[in-house]
Amino acid sequence: MGGYGVSLVGHCHPKVVKAIKEQCERLITCHGSLYNDKRAELLENLMKIAPKGLNKVFLSNSGAEAVECAIKVAVKYTGKSEIISMVRGFHGKTLGALSATWNPKYRDPFKHILSRSFKFAPFGRLDEVKEAITEDTAAIIVEPIQGEGGVHVAPEGYLEGLRKICDENNIVLIFDEIQTGFGRTGRMWASEHWGVTPDIMCVAKAMGGGIPIGATIAKEDIMDSLKVGEHTSTFGGNPLACAAACATINAIIEENLVERARFLGDRFKGLLQGLVEEFNILREARGLGLMLGLEARIDVYSILMRALERLTLIHI
Ligand SMILES: Cc1ncc(COP(=O)(O)O)c(C=O)c1O
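Below, the structure written as structure tokens:
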């Protein structure tokens, strides 16, 4: 299993293992108040691949943390307090990120302490987003392809429309590319499929080749609204994680994994579509690159659990 979308370069990629080993013997931790060469190298690497205009980075340790930072930055920059998120959207399970996450299964046990500043609009429908906007809307947060929500690709014109709405209303557009980023969809960033650049982008998951790391990448003036000390992380940007992330990004580029995801994804999706046509229990194959989903007309949970049980028995 790919570790909930982490292992884009596989498990124990030799370049990542080597980088971790080497860094381990030099310096494992170094807080953000001091310069560190590996952190600098990672920031430089990120700037080479980040969408144009997104040029300031906050490093953290997970996807949820990358989202927390994005929310705080957007609120601080605009001086407003409401966030619009999408039905079926998933952004993590810490309190801020969970407030932006739609699934009642995750929200309901904690709903009494979730932020009331978040509203949900149906994914893919611009009119409902326009209706949800008020004078106090600070940000819109969206996954270009909803992952955990069931692999739903943004319909044509949707992200472009959100960009326009945000520009016209001084609202910060946040793309959560935590699952879609680093080539999984056949482009380095899913937003490239539509040619739309957000104001803030959240990344994590595959970034460290298996080592925890996340990043919030924003336009400089937006990120600069956070003053020193207003948002920090003890472990964020530690040299060990940065070394792993540098090696992972290099592997993705040197081994042409983005193009490979596009090529294999097209073939794989074609095969899945063939299955959908052949078997009535399958409803639809969706996705871009190697971020693919196959929806069935039946509940597959028990089948997956049985398959896992059998796998466990085999390993014992
Ligand atoms: C789109 C998206 N955002 C945020 C997260 C949260 O990331 P993490 O589990 O690293 O906190 C996930 C994790 O599945 C995700 O898919």
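Residue numbering for the sequence shown follows this note's numbering, beginning at 19 and increasing consecutively. For every residue, glycine included, the Cβ atom is placed at its ideal position computed from N, Cα and C.
| Check | Outcome |
| --- | --- |
| Spatial neighbours of G165 within its chain, please: C-beta separation below 6 Å, excluding the five flanking residues on both sides. | Q197 |
| Are L26 and L275 close, meaning C-beta to C-beta below 8 Å? | yes |
| Can you tell me whether A58 is buried or exposed, with buried defined as 16 or more other CB within 10 angstroms of its CB? | exposed |
| So what does K74 bridge to, in DSSP terms? | A236 |
| By Cβ distance, which residues of its chain are closer than 7 Å to V24, with the 5 residues on each side in sequence left out? | K223, A224, G228 |
| Near G226, which residues of its chain fall below 7 Å by C-beta distance, leaving aside the five closest residues on each side in sequence? | A259, A262, A263, T266 |
| Helix, strand or coil, according to DSSP, for C220 in the structure here? | strand |
| Please confirm if the stretch 185-192 is in contact with the stretch 271-291, defined as three or more CB-CB distances below 8 Å between the two stretches. | no |
| In angstroms, rounded to a whole number, what distance separates the CA positions of R278 and G204? | 7 Å |
| Per DSSP, what kind of secondary structure is Q41 in: helix, strand or coil? | helix |
| Check whether the stretch 73-89 and the stretch 234-244 are in contact - that is, three or more C-beta pairs closer than 8 Å. | yes |
| Excluding the 5 residues flanking G71 on each side, which residues of the same chain have their C-beta closer than 8 Å to its C-beta? | T215, K237 |
| Would you check whether ligand 1 has a heavy atom nearer than 7 Å to the C-beta of Y22? | yes |
| Quickly, what does DSSP pair F138 with across the bridge? List them, please. | S103 |
| What's the call for S209, buried or exposed, on a 16-neighbour Cβ count within 10 Å? | buried |
| Taking C-alpha atoms, which residue in H211, E295, A92, D217 lies nearest to R280? | H211 |
| Is any heavy atom of ligand 1 found at a distance shorter than 7 Å from the C-beta of I196? | yes |
| Starting from M309, follow its DSSP beta bridges and name the residues at the other end. | L306 |
| Just to confirm, does F108 get its C-beta within under 7 Å of one of the non-hydrogen atoms of ligand 1? | yes |
| Could you work out which residue in R301, G142, V35 is closest to G175 when comparing CA atoms only? | G142 |
| For I229, which three-state DSSP category applies? | coil |
| Helix, strand or coil for V160, going by three-state DSSP, please let me know. | strand |
| Within the continuous alpha helix (DSSP H) that includes F108, where are the two ends? | Counting along the chain, F108 falls outside any alpha helix (DSSP H), and DSSP gives it neither H nor E. |
| Out of curiosity, what's the CA-to-CA distance linking Y95 and V294? | 47 Å |
| Can you tell me whether N256 is buried or exposed, with buried defined as 16 or more other CB within 10 angstroms of its CB? | buried |
| Would you kindly report the start and end of the unbroken beta strand (DSSP E) that includes F193? | 190-194 |
| Excluding the 5 residues preceding and the 5 following I67 in the sequence, name in chain order all residues of the same chain whose CB lies nearer than 6 Å to its CB. | M206 |
| What does the alpha-carbon distance come out to for the pair L326 and S320? | 10 Å |
| What are the boundary residues of the alpha helix (DSSP H) that Y53 is part of? | Neither: Y53 is in no alpha helix (DSSP H) and is coded neither H nor E. |
| Is there at least one non-hydrogen atom of ligand 3 closer than 7 Å to the beta-carbon of A58? | Judged by which ligands are present, ligand 3 is missing from the structure shown, whose ligands are ligand 1. |
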